[in-house]
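Below: one structure, written as structure tokens.
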Amino acid sequence: MVAEVFETFREWIDNRHEYARAWKERAGNKVVGYFCTYVPEEILYAANILPVRILGSHEPPTVTEPYIFAMYCHLCRDCLAQGLKGRFDYTDGIVEGQSCLHLRQAFNAWRLHIPTDFAYYIHVPHGIQNPHAIPYLTQELAKFKKALEDWTGKKITDEDLDRGIRIMNRNRELMRKVYEYRKLDNPKLTGLEAMEMVLSSQMVDKEEHSKLLERLLQELPNRKLDRNPGIRLMIIGSEDDDRVFMKNVEALGATFVIDEHCTGSRYIWDDVIPHEDRLFAIASRYVKRIPCPSKDWPEFTRLMHSVRLAKEFRVQGTLVIQNKFCDPHGIEIPPLKEALKSVGVETYPLEFDVTVPWGQFRTRVEAFLETLTGLEELF
Amino acid sequence: MITAGVDVGAKYVKIVLLEDGKNVLTRANGIVEFDVRKSATEVFEKALLDAGLKHEQIVQVVATGMGRKAIHKISPINAGEVVPEVIADAKGTYHLIPTVKTVIDVGAEEGRGVKVGENGKVRDFVINERCAAGAGTFIETMARALEVRVEDMGPLALKSANTIPMNAQCCVFAESEVVTLIHSKVAKEDVAKAIHDAMAGRIASMVLRVGVEKDVALIGGVARNPGFWPPLKRELNTEIVVPEYPEYVGALGAALLAFETEGQK
Amino acid sequence: MAQIKEYPTEPLKIWNEAKQLRSKYYEDYLTAYERGGLRWAGGAWSFSIIPAGLGEDVYCLTGEPHGATIAFFKDFAAKCHDAVEAAGFPRTLCSYMRNYWGSILLDKYVLADGTVVDGHPAPDFIWQDHICCSHGKWYQVAKWLEEKKGKKVPMYCVDVSVGYPMDKPLEEYKINYIVQQLNDGIEWLEKVTGRKYNDKLLCEAVWNEIKATRLWAEICALNQAVPAPLDEKSMYSLYVMGTLMKHLPECVAFYERLKAEVEDRVRRGIAAVANERFRVITDTQPPWGFLQIFREMEKYGVVSLGSLYTYGLIGMWEYRPDGTWTPKELPPRKPQTREEALKMIVEWTVNRPEWAHFYLPEAKTKMMLSIVKQWNVNAVLLHYNRGCEGLSVHIAENRLGLQKAGVPVFPFEGNMGDEREFDFTGTLARLTAFFASMGLKN
Amino acid sequence: MSEKTMEFWRWPEYRYTMPNMDWRGAKIVTAGVDIGSVGSKAAVMLDGELYAYSVMRTGGVSEETAIKVTNWALDGTGLKTENLHHVVGTGYGRVNVPFANKTITEIACHARGAHYIYGPSVRTVLDIGGQDCKAIRCDEKGKVVSFLMNDKCAAGTGRGLEVFADLIRVPIEELGKVSLSLTEEPPPVSNTCVIFAKAESLALLRQGWLKEKVAAAYHLAMVDRIIDLLTKVGIERDFVITGGVAKNIGIVSRLERNLGINPLEPKLDPILAGAIGAALFAKALYEKQIGLR
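The listed protein sequences correspond, in order, to chains A, B, C and D. Adding 20 to a residue's 1-based position in the first sequence gives its number in the numbering used here. Adding 3 to a residue's 1-based position in the second sequence gives its number in the numbering used here. Adding 393 to a residue's 1-based position in the third sequence gives its number in the numbering used here. Adding 1387 to a residue's 1-based position in the fourth sequence gives its number in the numbering used here.
Now the structure itself:
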């Protein structure tokens, strides 16, 4: 039963485009592709639009060479490649919520070279630690809402916004409940399953996703995973949807019991707290959410959060993934290492590129696991 | 009037002796030793011998290729002019395929894409930068890791129908992926295909910078490798013409330019 | 072949003054305490006018020019990179930033002439902006590194990520968002320095910056003349004043004298490159360790007139109704109050040409095409700069845009601050091929 | 073989059996099989003492190589693989050792092997392998404390040397010596990327540089690269080098000079460190199995 649910998540990911096309048929509404989790999906749901996250396919993005210089991360090039190859041809529009230069570039190249009905860039503030960010974003969101209304020709009422907020909050809350089962000595789900749960939520109708999550939560308590959890790992880093890597690492006698990235906890950790000014409420969520390091200054709040997670989920070791050229994450590697070390958690950094050289990484990861267990009894 | 084109490449010297800017009298090549001038001279004499000509019958010599300066106005060859590869490539290919608009030249150390204009002039070009070099060398070292002969790599790749994505922005990085594949028991032909696909992808992404306009021609030593054709056609989604003697096109272009410079006098 | 015209040429008279100003700047920061002064560090792009209100004895060290100075001295730069990588940072990060962190880690400080002195002078506070993915993070880590060395450095960082006004001015709420942060910043400065803030000095600084940045644009406009009175290699040593001290009267005075001299060169037909016969512009910061590439270009009669980077990072420009791109008109009058000053400088700054490309590649392409047209440019050399995500962002789009308009473009890869990523021989070979394809011989 | 067809890049292959040692008297016979990206090694140990070993090139099919290299080590000893009480596989191809009871990473094995070869004072191990370079910190037991591997660039690795040996046409095992045959050190080649270092070296050769001088420049670049890695992990004495390249005097002597640290003298062929470490782990595992620990 539980297995079926996770299987469905997997199928949704593998057939994401078919799903979106079918949804469009069924609902007769617009589908919008978004690049970064700083896009407030609440407002899109309020407009009865299906937001789907644009992600790569991990094939060398040959076709992007004329548009993006290869010193930018593989994610932004891979995303653009999907558009150039027409794999998102069912989307009616694209939206980017300001985060890094890389994705901004993917957005602009898409806007300039791939015919699309609606291309909108939300200037989500970077200065999330300053008090003016929330009122500022509130106004940015009002502008965004207006643009959507003009595009769809339909007003977005407070009721609509409440619905959007409800849909998003419910989905996030349910996933956080599932995450609770990762705290157990023998987690009820693997890191791969957790990733596939969150990843699929970024690709399908959240209401449908939530229904499945409720089923999952009924049955999860009785689940027995017949595998030795091994070493409790945390994975931290840049955008990461590399399921093969997750699978391979967990096959080496370890389990990812928690993550800190935008295809995992960072996406689901914070809810919108209701306020009569709905846009203010939404703006507050996106300013106060667990930040992408690109916005996390002058204080390192994300590091402190990672340390809390490491403690809560009783992490033994951490793999830090940096997408090659992802400066915001790369810059934080040494401070992060130090912060986690201070609570006795070792880290090992890995640089991800469009394809992951598992042979090299297996040796690194296995050796890292060996240093954690120490192969004690063999000396 | 007989002119000569000398292409002093990274690995081989290629020479074409041309009559009246039309008829190729002979083609000759040889490995470039450390003494470039000496190696070039040897091949030059070989060419003269083949064609039964004397040095003084060669009216003009134009040199191209990375070692071209070694024979520029230096006897015995005494090349009157030197031109960069891209110019010779465009000229030579245009002569063989007048409909050509895009030339792809893949050699041992360098890959080039040239946009050809009227009368074989260069409209735009791209040459691989740092991390995307060594197409030829790449195939060689990989052949070694796979324990197959370099010339068998292409045919081997053609036997495979499987696709294994491999990041070849850097061919050395790609190599460690190859070794991993070998150790994870992937069939040799699949690995060989992955190698060619990766290399083709790298060349394609470079050529896409200048844009692909038909007709597209593939020249240079690596053009002889059939394993390279299907993935390149796929990546650029266009037909590709490989002229006869693809490795001599640069030398031919130089010989043609030699003919033109004489004509202007 | 036709005899090539040779233009008269002569060195710039103001050269030494430029050198002295620059050395003085780095020494002043080093020795600030001897004069009871304060030291702050931050980006050259930032609102350096704000700390100016703390008094005339407040000295700054702007990070990017300092990173470039280090890059110029390759050996020290290499040591910086090793130190930064040894500390566990990736080698793909901004190379200015790595040069800067490196000198903190090595506890050394480089002066304008390359003299390396022991002890990296930590600032009393950090005043920064966040224009790219690295800017805010750069000083956040600098702060972290200083703290490990035992000095707590307070940091304030302004978020300017409100976009670029291409056809219409930015909405009021966007301007206010920045103004509010600057207002808070002033209070913050008073708190961390214990000094009373002087609005009059602020207004002076704002007006200086506005005048200096207009003056630099006027100087660049003079390079439309044939032959060009200035070449980009020398311009680097002149625009830099604007990246160091654009808010100071010394900077205004310097640019006034420079403008007079360049006007005189134009009047007398003095060329930067005697055999000028092919005019190019570049883009983004050059590989600082390899400026000889410009000398190589001269062998082909190629003169680089500058770039949107050299013209538009410091120079302020605007479009006239007739479509020409010209130095931006000064505001009607000098600001009188803090509010007026802040609003004026924010509006001035978000219009900076070297800001457009961050958001709208088409806006940058438009300006580059204006330069090509008004400066009689034959080709554009684009430096795909691995050392700077911020200025290389969208550069491939600019290439496409320029080519669409029929401008020959030569892209080359390199790194402004990390010599390991610039292949001089290879680049020169490709550049030679480009010139040859343009019909040039050396 | 003519100069043009000679395989300069090919590493030597060899085997050896310790004289006056006999497995028949041994309580525990174990083997470590190290299938590297370029070279494969097998070490057979009797009660934790090195008895026989072999070194050969890794073939296109690593299973076959594993069998070949192990049989070659056993060759003439009368031992068969089935006589081995326990076998541990290590190296890139560790999962492809058909008769291995367990696999352990080359990181752990090199540390332990270095401990055996050089003694308990070893704290920093540099392993220069076929396609990567590892800096390992270990404790007095030979247990890994921390480690780093070089990034994807193969500069400073065996494969890099192969490409170079081909280029200057000097047998790979003589490269180091050749690189030291001049008194004056040239500046290092500026490119650490194998492909570019090769192109750059070629250019230098064509400018008329002696191959000895170019070899020196190339080795210097490799050494710089290796030192970057070492400084990242931090060098603590005693310092030792393992792996095939450890026998390249051109690398070792320059490391000594530029680091100011002399690596310990190996008592055994340092290329065997991984295999020996694996065989020692095999012994421990077997003892655990039969209840001896």
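Every residue, glycine too, gets a C-beta built ideally from N, C-alpha and C. The model shown is predicted, which means the values in this text are computed figures rather than measured ones.
Using a CB distance cut-off of 9 Å, Phe300 of chain A does not count as an interface residue toward chain D. The CB of Glu132 of chain B comes closer than 7 Å to the CB of Glu806 in chain C, given here in chain order. As the crow flies, the alpha-carbon of Leu1461 of chain D is around 11 Å from that of Glu1469 of chain D. The DSSP assignment places complete alpha helix (DSSP H) segments of no fewer than 4 residues inside the segment 632-661 of chain C at 642-661, in order along the chain. Contacts between Val1550 of chain D and chain B, judged by CB atoms closer than 8 Å, involve Thr140, Thr144 in chain order. For Gln222 of chain A, the three-state secondary structure derived from DSSP is coil. The Cβ atoms of Ala1665 of chain D and Val1420 of chain D sit closer than 9 Å to each other. Cβ neighbours of Leu121 of chain A within its own chain (closer than 8 Å, five residues either side excluded): Tyr92.
By the beta-carbon neighbour count (other beta carbons within 10 angstroms, threshold 16), Pro369 of chain A is buried. Within chain A, not a single residue places a beta-carbon under 7 Å from that of Glu1527 of chain D; the smallest gap is close to 10 Å. Residue state for Lys1521 of chain D is assigned as strand, using DSSP reduced to three classes. At least 9 Å separates the beta-carbon of Ser314 of chain A from that of Leu356 of chain A. Leu323 of chain A and Gln149 of chain A have their C-alpha atoms spaced approximately 15 Å apart.
Residue contact with chain A for Ser163 of chain B: absent (no Cβ-Cβ distance below 9 Å to any residue of chain A).
Per DSSP, the beta-bridge partners of Gly1476 of chain D are D:Val1420, D:Thr1490. Glu116 of chain A carries a strand assignment under DSSP once its states are collapsed to helix, strand and coil. Every unbroken stretch of the alpha helix (DSSP H) spanning 4 or more residues and falling wholly within the segment 101-180 of chain A is given here in chain order: 121-133, 153-172. Close partners of Ser830 of chain C in chain B (Cβ separation under 7 Å): Val89, Ile90, Val125, Phe128. Inter-residue distance for Asp262 of chain A and Tyr493 of chain C is about 34 Å (C-alpha atoms, whole angstroms). Cα atoms of Ile443 of chain C and Ile497 of chain C: separation of roughly 25 Å, rounded to the nearest angstrom. Listed along chain B, the residues sitting closer than 8 Å to Leu1592 of chain D by beta-carbon distance are Phe37. Assignment of Ala515 of chain C by DSSP, reduced to helix, strand and coil, places it in the coil class. Distance from the Cα of Leu615 of chain C is smallest, within the candidate group C:Gly699, C:Asn744, C:Leu784, for C:Gly699.
The Cβ of Pro168 of chain B sits closer than 9 Å to at least one Cβ of chain A.
Cys56 of chain A has a beta carbon lying at 9 Å or more from every beta carbon in chain C. Here the alpha carbon of Glu263 of chain B sits roughly 44 Å from the alpha carbon of Arg147 of chain B. A Cβ-Cβ separation of about 5 Å places Asp676 of chain C in contact with Leu775 of chain C under the 8 Å criterion. The Cβ-Cβ distance between Phe265 of chain A and Trp378 of chain A falls below 9 Å.
DSSP, read as helix, strand or coil, puts Gly139 of chain B in helix.
In the DSSP assignment, Ile107 of chain B forms a beta bridge with B:Gly116, B:Leu221. Contact between the segment 1621-1631 of chain D and the segment 1651-1670 of chain D is present, with at least three C-beta pairs closer than 8 Å. Interface annotation, Glu31 of chain A: not in contact with chain B, CB-CB separation never under 9 Å. The beta-carbon of Trp1398 of chain D is placed no less than 9 Å from the nearest beta-carbon of chain B.
Around Leu245 of chain A, no beta-carbon contact reaches into chain C at under 8 Å, the shortest distance being about 35 Å. Residue contact check for Gly456 of chain C against chain A: no CB pair falls below 9 Å. A residue is called buried once 16 or more other Cβ atoms fall within 10 Å of its Cβ, and Asp715 of chain C, having fewer, is exposed.
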